[in-house]
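Undergrad: Letter by letter, the sequence shown follows residues -28 to -1, 1 to 335 in mature numbering (1 follows the signal peptide of the UniProt record, and there is no 0). One structure, pasted below without further comment.
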Amino acid sequence: IAFNPTHARQSQLMLSTALLLLVHGASAFHGSCLRARWMGSHPCGLVMVTYAEYLASRNGGVATNAEPTATRIDAVATQTTGQTNVPGDTDVYAWLDWAPPKGSPTYDTLHRCFPGAIPGSVVRDRSVHVVSKFGLTPENTIYGQSICPDEINNEKGDLSSLMIDHWGEVFPMGGIGGVPFVGKTGFGAFSAHVPSDGHLMILFGPHIAISSTGELGKYLREGQSGESTACGAVLAAYNACCADQSCGSFLGKSYRYMFDEDDMQQSYLMERVGQRVDFIKGAREPLDALIHEAYSVVEEQMLKILNFNFGTGKVVLIGGVQINMPSPYQDHFQPLYFKALSRDNPSGIDLLDTFRYNALPPA
């Protein structure tokens, strides 16, 4: 949604529509201006733009050591037309106190390391609107999530809590780091609970915090006087691998030293992080690279364990990086995967672009 700088009344209408859309969700509005968002140019000044202008095809991209292996959504920065600023989504989120203001250390880190990140409530409302077109409702859909059990990911108002509020009870799939340690057996149990001719909705990904000073991996927990790490497990695996070059070599002599039957999940994280530790250490921002490498592990394992034995319904996967934000801001989420898969279409329908806020001036 964009301002038409030559028509003040049109700009006012567009801003009102944008705010209502963000606060209440697209499904609550059916006016001609809102419909034009999906149909193309309209007298209200709304325009339709293609996602291809901002994001290279996920399937067509080739991972290299130049960047983290997880596909990134590039930010749509505030744009200008002449001397008139065109507000982007971040302006509105900051105005609502959902996100940090531009120029703050937290804002700079958030958008430098996690372009395309949006508040959790926006992820919930936008995804609900999109999947409703495929027939998913709370009555015919069961919800699962593979996220780290850290309590800061499950506080009231966080994305996990908001998704549960909408979809109903949750099937926990994730262990530390967000990896779906329930495996194929756990997925089979989860999918066996689906209603007749129903669907599965799954949220997955690791998490990392940003402090009020913009430091990655630091979070001030309620009741504590000092900041602690988040995600502690992923950061601990990285630090251990930096100190011990035997990380990532389970198949070698160090297997007995590395694998701890009393700490199996952390042993797995150390194995996977160790395989990429040299690249992570050499990145411009190692913790940024680390959490995106962790995301790649979670996505890989999620895709390995899913199947369509439950029936003909959809499996909707929303993957990305959870970002724990300092008070008073909402926790954010960087969407990296959003597909509707099925037995008839196992490669899925790519919906990632539906999280894109398109803010371009009218042609």
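For each residue, glycine too, the CB sits at the ideal point set by N, CA and C.
Cβ of Gly92 within 9 Å of Cβ of Leu131?
TA: In this structure, Leu131 lies closer than 9 Å to Gly92 by Cβ.
Undergrad: With a CB to CB cut of under 7 Å and the five nearest residues on each side skipped, what residues in its chain are close to Pro144?
TA: Around Pro144: Gln117.
Undergrad: Alpha carbon to alpha carbon, how far is Met297 from Pro307?
TA: Near 16 Å, if we compare the C-alpha coordinates of Pro307 and Met297.
Undergrad: Locate the alpha helix (DSSP H) running through Tyr267, then write down its first and last residues.
TA: That run of the alpha helix (DSSP H) goes Pro258 to Ile277.
Undergrad: Whole alpha helix (DSSP H) runs in the segment 96 to 184 with 4 or more residues, listed along the chain?
TA: Runs found: 131 to 139 and 155 to 163.
Undergrad: Output yes or no for whether 9 Å exceeds the beta carbon distance between Val287 and Ser314.
TA: Cβ distance < 9 Å, so Val287 and Ser314 count as in contact.
Undergrad: With H, G and I counted as helix, E and B as strand and the rest as coil, what does DSSP make of Asn296?
TA: In the structure shown, Asn296 sits in a strand (DSSP, three-state: E or B).
Undergrad: Could you tell me the boundaries of the alpha helix (DSSP H) in which Gln306 lies?
TA: Unbroken run through Gln306 is the beta strand (DSSP E), His304 to Leu313; no alpha helix (DSSP H).
Undergrad: Expressed to the nearest angstrom, what Euclidean distance is found between the alpha-carbon atoms of Glu243 and Leu172?
TA: C-alpha separation (whole angstroms): 30 Å.
Undergrad: For my contact list, Thr81 and Gly186 are in at a C-beta cut-off of 8 Å; report their separation, rounded to the angstrom.
TA: At roughly 4 Å, the Cβ-Cβ gap stays under 8 Å, so Thr81 and Gly186 are in contact.
Undergrad: Under 9 Å between the Cβ atoms of Asp325 and Lys311?
TA: The answer is no: Cβ separation not under 9 Å.
Undergrad: Which two residues bound the contiguous alpha helix (DSSP H) that contains Tyr240?
TA: It spans Met236 to Gly246 - the alpha helix (DSSP H) in which Tyr240 sits, taken as one unbroken run.
Undergrad: Pull up the distance between the alpha-carbon of His83 and that of Gln294, whole angstroms please.
TA: Approximately 13 Å between the Cα atoms of the pair.
Undergrad: Taking the straight line between their C-alpha atoms, what separation do you get for Arg328 and Gly88?
TA: The alpha-carbon atoms of Arg328 and Gly88 are separated by roughly 8 Å.
Undergrad: Considering Cα atoms alone, identify which of Ile252, Gly155, Asp303 and Lys156 is closest to Cys213.
TA: Ranking the options by Cα distance to Cys213, first place goes to Ile252.
Undergrad: Give me the Cα-Cα distance between Glu199 and Ala71, rounded to the nearest whole angstrom.
TA: Taking the straight line from one Cα to the other gives about 20 Å.
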